[in-house]
Amino acid sequence: MLTLRKSRDRGYADHGWLKSFHSFSFAGYHDPRYMGWGNLRVINEDRIAPGSGFGTHGHRDMEIISYVLSGNLAHKDSMGNVKGIPPGDVQRMSAGSGVMHSEFNHAQGQQTHFLQIWIEPNVQGIAPSYEQTTVPADAKRGKLRLVAAPMGQGGDVGIHADARLYAGLFDGAESATLAIDPQRKAYVHLVRGQLAVNGTELTGGDAALLEGESEIALAQGKEAEVLVFDLVA
6 MLTLRKSRDR GYADHGWLKS FHSFSFAGYH DPRYMGWGNL RVINEDRIAP GSGFGTHGHR
66 DMEIISYVLS GNLAHKDSMG NVKGIPPGDV QRMSAGSGVM HSEFNHAQGQ QTHFLQIWIE
126 PNVQGIAPSY EQTTVPADAK RGKLRLVAAP MGQGGDVGIH ADARLYAGLF DGAESATLAI
186 DPQRKAYVHL VRGQLAVNGT ELTGGDAALL EGESEIALAQ GKEAEVLVFD LVA
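The working numbering numbers the first residue of the sequence shown as 6 and each following residue consecutively.
So, in structure tokens, the structure goes:
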């Protein structure tokens, strides 16, 4: 079964310096139908104005992935990491027993546009940790690249969760299929462009929630960038 969630149906918050779409209930947005999907808890599409950002705040027992689309995200945390995250990089922070961090856009005259993703871990209270890597565009062109997977299982970054995250770029005749366990759930988030998912057309910001399916088929892309999640039920 595939359920289509349109971009316009997401939660939205405009704080001036931050404009954010919420795929699932978050902060002031609450919808009991969308509290998460499997162990995927948060997808926030954030746009941070120049010279602003999230001040120092804490997290614990959550796997947090940042996927930057444009601009640059400046990250600083209590583990001593001071990093800039440009487009094409994937960052993973395991909050574990607790971590403090901040995220800013220091670029002058340029908005930072990124996705913040939270996945519930399968272990609690571990030491917090950080990982960041560059995933070239050609590694995602016309295919699904495994960008995050359980530790030691081949992802560009490793997570402490029973989940896999794939990223792909599709245009024209490019297509891909992904076999999935019908006992699990899957979630397809179209970052931008247009794409058909199992024959259903999505446009930027739309999502497909899948359960009881054995395959995800992606085709008919028009400048599409997509994230695909394989999740516990």
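Think of the CB as a built atom: it goes at the ideal place given N, C-alpha and C, for glycine as much as any other residue. Since we're looking at a predicted model, the values are computed, not measured.
**Prompt:** Going by beta carbon distance, what residues of the same chain come within less than 8 Å of S57, once the five residues before and after it are set aside?
**Reply:** For this step, residue 57 is matched to residue 52 along the sequence shown. Listed in chain order, the non-local C-beta contacts of S57 below 8 Å within the same chain comprise W22, L23, F109, N110, local neighbours out to five positions each way being set aside.
**Message:** Let's test the definition: count the other Cβ atoms within 10 Å of the Cβ of E228 and tell me whether it reaches 16, buried, or not, exposed.
**Reply:** Taking the sequence shown and counting its residues from 1, the one referred to as residue 228 is at position 223. Exposed.
**Item:** Inter-residue spacing [alpha-carbon to alpha-carbon] between L151 and W42
**Value:** Numbered from 1 along the sequence shown, position 146 holds the residue referred to as residue 151. Numbered from 1 along the sequence shown, position 37 holds the residue referred to as residue 42. A direct Cα-to-Cα measurement between L151 and W42 gives close to 19 Å.
**Message:** Quick check: A184 and R169, are their CB atoms within less than 8 Å of each other?
**Reply:** Start at 1 with the first residue of the sequence shown, and residue 184 comes out as number 179. Start at 1 with the first residue of the sequence shown, and residue 169 comes out as number 164. Not in contact: A184 and R169 (Cβ atoms no closer than 8 Å).
**E220 - partner residues in DSSP beta bridges** = The residue labelled residue 220 in the question sits at position 215 within the sequence shown. A184, per the DSSP bridge assignment.
**Buried or exposed by the 16-neighbour rule on C-beta atoms within 10 Å, applied to P133** = Here residue 133 refers to the residue found at position 128 when the sequence shown is read from its first residue. It counts as buried.
**Message:** So the candidates are D82, G103, E216; which of them puts its Cα closest to the Cα of V193?
**Reply:** Here residue 193 refers to the residue found at position 188 of the sequence shown. Out of D82, G103, E216, E216 has the C-alpha closest to the C-alpha of V193.
**Item:** Nonlocal neighbours in the same chain, by C-beta distance under 6 Å from G60, ignoring five residues either side
**Value:** Walking along the sequence shown from the start, residue 60 turns up at place 55. Counting only Cβ-Cβ distances below 6 Å, and skipping sequence neighbours, we find S107.
**Message:** How far does the beta strand (DSSP E) with I69 in it extend, from its first residue to its last?
**Reply:** Taking the sequence shown and counting its residues from 1, the one referred to as residue 69 is at position 64. Here the beta strand (DSSP E) through I69 covers 68–75.
**Message:** In whole angstroms, give me the CA-to-CA distance for M105 and A144.
**Reply:** The residue you call residue 105 lines up with position 100 of the sequence shown. The residue you call residue 144 lines up with position 139 of the sequence shown. Each residue's alpha carbon lies about 32 Å from the other.
**Request:** Take S180 and list the residues in its own chain whose beta-carbon comes closer than 7 Å to its own, dropping the five residues that flank it on each side.
**Result:** Start at 1 with the first residue of the sequence shown, and residue 180 comes out as number 175. So the qualifying residues of the chain are L223, A224.
**Prompt:** In whole angstroms, what separates the C-alpha of V237 from that of Q188?
**Reply:** Working through the sequence shown from its first residue, we reach residue 237 at position 232. Working through the sequence shown from its first residue, we reach residue 188 at position 183. Rounded to whole angstroms, V237 to Q188 spans 8 Å at the Cα level.
**Request:** Work out the CA separation of D51 and H20 for me, nearest whole Å.
**Result:** On the sequence shown, position 15 is the one that residue 20 refers to. On the sequence shown, position 46 is the one that residue 51 refers to. Each residue's alpha carbon lies about 11 Å from the other.
**Asked** By Cβ distance below 8 Å, which residues in the same chain neighbour E220 in space, the five residues on each side in sequence not counted?
**Response** Against the sequence shown, residue 220 aligns to sequence position 215. Closer than 8 Å at Cβ, skipping near neighbours: T182, L183, A184, I185, N203.
**Prompt:** Run through DSSP, which three-state label would R13 get?
**Reply:** By one-based count along the sequence shown, residue 13 stands at place 8. The DSSP-derived three-state label of R13 is helix.
**Request:** Out of E218, R197, E206, point me to the one whose CA is closest to V231's CA.
**Result:** Reading the sequence shown from its first residue, position 226 is the one you call residue 231. It is R197.
**Request:** Assign V233 to one of two classes, buried (16 or more other C-beta atoms within 10 Å of its C-beta) or exposed (fewer than that).
**Result:** As a first step, residue 233 must be located in the sequence shown, where it is residue number 228. So V233 counts as buried.
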